[in-house]
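According to my numbering, the stretch in the sequence shown is residues 913 to 1361, in order. Just so it is clear, CB atoms sit at the ideal spot from N, CA and C, and this is done for glycine as well. Please read the structure below before turning to the comments.
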Amino acid sequence: MDVRSLRIALISEHASPLAALGGVDAGGQNVYVAHLARCLARAGHRVDVFTRRDAPCAAGVVQVEPGMRVLHLDAGPAAPLPKEQLLPHMDAFGAAALQRFRHGARYDVVHANFFMSGLVGLRLKQRLGIPLVVTFHALGLVRREHQGTADGFPPEREAIERHIVRFADRVVAECPQDRSDLLRLYDACAQRIAMVPCGVDPKQFAPGSKAQARRALGLRDDEFVVLQLGRMVPRKGVDTVIRALACMDPAAPVRLLVVGGSTSEPDERATPEIGRLRAVARECGVAERVTFTGQRQGEALRACYVAADVFVSTPWYEPFGITPLEAMACARPVIGSAVGGIRYSVVHGVTGYLVPPRDPPALARRLEALRADPAHAEALGRAGMRRVRSRFTWERVAAELLEVYREVVRRRGRAGSAYPLPPMAADGARSAAWPARRAASERLPGARA
Ligand code: UDP
């Protein structure tokens, strides 16, 4: 067994492990990076997380706990920016990272998260020869398939992702669907894909008293409570849940709790999606039965899961989806879209049910069935809890990723020091935003052009 402690650089350009969660750009990736870094540090490794400075007051280096630091790099204005607008600042981010790497710690491995961090990781690999592992968290071509013209990312994203898939030492797929998307859409090399899912912390998310949680949240005991929780963006399909409510028995005491948003109050100015969803609820005649809470954290977040009879997540597509795991850890049954990671984490008929995305009547039928049979709902919830505790803990995820890191470090040792990376294919997909000139000028000696 290789017991050497590693020095690991996690790059997560827009998703800081220190951010408050629930807004448009703060969700699963932040949780992933935070828990991964913490678990690796607690296992004796030294982890630095590199993220963009998005507030002037953010300290350059934050020691989060022993072995885990967050480093804020200057790249663009020290203010929040939508992730769709960050690519032009990745040249500065990469230069700042390179500077840190040269004058600071010597890292054994870089694990980049999201395609823009992957771009930075390639530059570090090319210049310093550090092996690169990449988790995309979302793939541009999948997003485009579903979002079409509403996708605000620059078109260069595809070429950048292809380049990363080709030259990263390992690409982490989060679920079988992610793996097949990488193979189908990006011609990834199967041997260089490692499948490692996301996780949940069973100490943070655990079952509790439903009655107590409802009292704390001001919810009635006699209502069937359906929980929807997550970032407030259209692709999460919250409108499908609202429309499903309109297909249910109008006399039944049903409440839909919608948790998430940029602020702790359900403020339509801060989170315009809440305004859109409220309009959908009014149009469907169910506004009285829908409660928007705004963003929740910590114990209040767990209380939402514990108070619910069922957790619902019906996105159009889902690279992984951590919220179903959190619900399962709290022993709640999950009804989810039969897409992406949800198809992997939720076992149909065992821990909940899978329904087609954008299908309110199908969802309503499953909700009615669970409402009519609370004992069955409880049994599904308990099965879900067993499933996540045995397969989806962050500790296990970190241990599996550590194996991936060790493997690329070992191979790196055998491969020598050269990392010939050709520039991205001359496919016209570059723009001023893509630092092609710099990439070319940084090519390693002896590298093929
Ligand atoms: N979340 C939160 N507070 C909120 C809304 C969401 O802490 O008000 C968290 C949620 O608990 C989960 C993450 O944000 O850990 C969302 O992750 P998921 O993978 O489900 O979705 P993604 O953000 O990756 O699309």
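Tell me where the alpha helix (DSSP H) around Ala1191 begins and ends. In the sequence shown, the residue the question calls residue 1191 occupies position 279. Element bounds for Ala1191: Pro1184 to Cys1196.
Buried or exposed: where does Arg1323 fall if 16 or more other Cβ atoms within 10 Å of its Cβ makes it buried? Numbered from its first residue, the sequence shown carries residue 1323 at position 411. So Arg1323 counts as exposed.
I'd like to confirm something about Thr1305: is its beta-carbon nearer than 8 Å to some heavy atom of the ligand UDP, or not? For the purposes of this step, residue 1305 is identified with residue 393 of the sequence shown, where counting begins at 1. Not so, every heavy atom of the ligand UDP lies at least 8 Å from the Cβ.
Can you name, in chain order, every residue of its own chain whose Cβ lies under 6 Å from the Cβ of Arg958, other than the five neighbours on each side? If you number the sequence shown from 1, residue 958 lands on position 46. Correct list, in chain order: Arg919 and Gly979.
Among Met1107, Met1028 and Arg1074, the one whose alpha carbon lies nearest that of Tyr1098: Taking the sequence shown and counting its residues from 1, one reaches residue 1098 at position 186. For the residues Met1107, Met1028 and Arg1074, the minimum Cα distance to Tyr1098 belongs to Arg1074.
To which residues of the same chain is Ala953 closer than 6 Å at the C-beta, ignoring the five residues directly before and after it? Counting from one through the sequence shown, the residue named residue 953 turns up at place 41. Taken in chain order, the residues that qualify are Val959, Gly979 and Met980.
Under 9 Å, do Pro1162 and Val1309 count as touching if we go by C-beta distance? Residue numbering aside, residue 1162 sits at position 250 when the sequence shown is read from its first letter. Residue numbering aside, residue 1309 sits at position 397 when the sequence shown is read from its first letter. In this structure, Val1309 does not lie closer than 9 Å to Pro1162 by Cβ.
Can the beta-carbon of Gly1252 be found closer than 9 Å to that of Asp1090? On the sequence shown, residue 1252 is found 340 positions in, with the first residue counted as 1. On the sequence shown, residue 1090 is found 178 positions in, with the first residue counted as 1. Result yes, Cβ atoms of Gly1252 and Asp1090 sit closer than 9 Å.
Using 10 angstroms around the beta-carbon of Ala1243, count the other beta-carbons present and answer buried if the total reaches 16, otherwise exposed. For the purposes of this step, residue 1243 is taken as the residue at position 331 of the sequence shown. Answer is buried; the Cβ neighbour count reaches 16.
Span of the beta strand (DSSP E), counted from its first residue to its last, around Met1107: The sequence position of residue 1107 within the sequence shown is 195, counting from 1. Segment Ile1105 to Met1107, the beta strand (DSSP E) holding Met1107.
On the three-state DSSP scale, how would you describe Glu1135? The count along the sequence shown starts at 1 and reaches residue 1135 at position 223. Glu1135 falls in the coil class under three-state DSSP.
Report yes if the C-beta of Asn942 is less than 8 Å from at least one heavy atom of the ligand UDP; otherwise report no. Indexing the sequence shown from 1 puts residue 942 at position 30. Result yes, Cβ under 8 Å from the ligand UDP.
Between the C-alpha atoms of Ala921 and Gly1142, what's the straight-line distance to the nearest angstrom? Along the sequence shown, one-based indexing puts residue 921 at 9. Along the sequence shown, one-based indexing puts residue 1142 at 230. Roughly 28 Å between the two C-alpha positions.
Please identify the residue among Ser1174, Trp1228, Ile1186 and Val1137 whose C-alpha is closest to the C-alpha of Gln1207. Counted from its first residue, the sequence shown places residue 1207 at position 295. Residue Ser1174 is the option with its Cα nearest to Gln1207.
Let's test the definition: count the other Cβ atoms within 10 Å of the Cβ of Thr1305 and tell me whether it reaches 16, buried, or not, exposed. In the sequence shown, residue 1305 corresponds to position 393, counting from 1. So Thr1305 ends up on the buried side.
Which term fits Asp1134, buried or exposed, when burial requires 16 or more other beta carbons within 10 angstroms of its beta carbon? As a working note, residue 1134 is residue 222 in the sequence shown. Counting Cβ neighbours within 10 Å, Asp1134 comes out exposed, since fewer than 16 surround it.
What would DSSP say about Ala1118, mapped onto helix, strand or coil? By one-based count along the sequence shown, residue 1118 stands at place 206. Coil, per DSSP.
Among Ala1125, Arg1147 and Cys1196, which residue has its Cα nearest to the Cα of Ala1156? Counted from its first residue, the sequence shown places residue 1156 at position 244. Checking every option, the nearest Cα to that of Ala1156 belongs to Cys1196.
Return the CA-CA distance between Ala1289 and Leu1275, expressed in angstroms with no decimal places. Working through the sequence shown from its first residue, we reach residue 1289 at position 377. Working through the sequence shown from its first residue, we reach residue 1275 at position 363. One C-alpha to the other measures close to 15 Å.
Within 10 angstroms of the Cβ of Thr1235, are there 16 or more other Cβ atoms? Answer buried if so, exposed if not. If you number the sequence shown from 1, residue 1235 lands on position 323. Buried is the call here.
Give me whichever residues DSSP pairs with Leu1044 in a beta bridge. The residue you call residue 1044 lines up with position 132 of the sequence shown. Per DSSP, Val1022.
For Ala1338 and Ala1284, what's the separation of their Cα atoms in angstroms? The sequence position of residue 1338 within the sequence shown is 426, counting from 1. The sequence position of residue 1284 within the sequence shown is 372, counting from 1. Unreliable positioning characterises Ala1338 in this predicted model, as indicated by a pLDDT of 45, which lies under 50. A coordinate reading is not provided.
Per DSSP, Gln1140 forms a beta bridge with which residues? The residue given as residue 1140 occupies position 228 in the sequence shown. DSSP, once it has assigned bridges, lists Val1170 as partnering Gln1140.
So does Phe1232 have its beta carbon nearer than 8 Å to some heavy atom of the ligand UDP? Walking along the sequence shown from the start, residue 1232 turns up at place 320. Yes, the ligand UDP has a heavy atom inside 8 Å of this Cβ.
Rounding to the nearest angstrom, what Cα-Cα distance links Val976 and Val943 in this structure? One-based indexing of the sequence shown puts residue 976 at position 64. One-based indexing of the sequence shown puts residue 943 at position 31. Rounded to whole angstroms, Val976 to Val943 spans 14 Å at the Cα level.
Specify the secondary structure class of Ser1257 as computed by DSSP and reduced to three states. Here residue 1257 refers to the residue found at position 345 of the sequence shown. Ser1257: helix per DSSP, three-state reduction.
For Arg1355 and Leu1292, what's the separation of their Cα atoms in angstroms? Position 443 of the sequence shown, counted from the start, is the residue given in the question as residue 1355. Position 380 of the sequence shown, counted from the start, is the residue given in the question as residue 1292. In this prediction, Arg1355 scores a pLDDT of 36, lower than 50, which makes its location untrustworthy; the coordinate-derived value is nonetheless stated afterwards. If you take the alpha carbons of Arg1355 and Leu1292, they lie about 55 Å apart.
Tell me whether the beta-carbon of Leu998 lies closer than 9 Å to the beta-carbon of Glu925. As a working note, residue 998 is residue 86 in the sequence shown. As a working note, residue 925 is residue 13 in the sequence shown. Closer than 9 Å, so yes.
Report yes or no: do three or more beta-carbon pairs, one from the stretch 1032 to 1040 and one from the stretch 1009 to 1020, lie closer than 8 Å? yes
If I measure Cβ to Cβ from Ala990 and keep anything under 8 Å in the same chain, skipping five residues before and after, which residues do I get? Mapped onto the sequence shown, residue 990 falls at position 78. Arg965, Asp966, Ala967, Pro968 and Ala970, listed in sequence order.
For Ile1247, list the residues DSSP reports as bridge partners. Within the sequence shown, numbered from 1, the residue matching residue 1247 stands at position 335. Val1224 and Tyr1265.
At a threshold of 8 Å, does Cys969 count as lining the ligand UDP (C-beta to nearest heavy atom)? Working through the sequence shown from its first residue, we reach residue 969 at position 57. No, the ligand UDP has no heavy atom inside 8 Å of this Cβ.
Mind checking Thr963: buried by the 16 CB within 10 Å criterion, or exposed? For the purposes of this step, residue 963 is taken as residue 51 along the sequence shown, with counting starting at 1. So Thr963 counts as buried.
For the ligand UDP, is there any heavy atom lying closer than 8 Å to the beta carbon of Lys1037? By 1-based counting over the sequence shown, the position of residue 1037 is 125. Outside the cutoff, so no.
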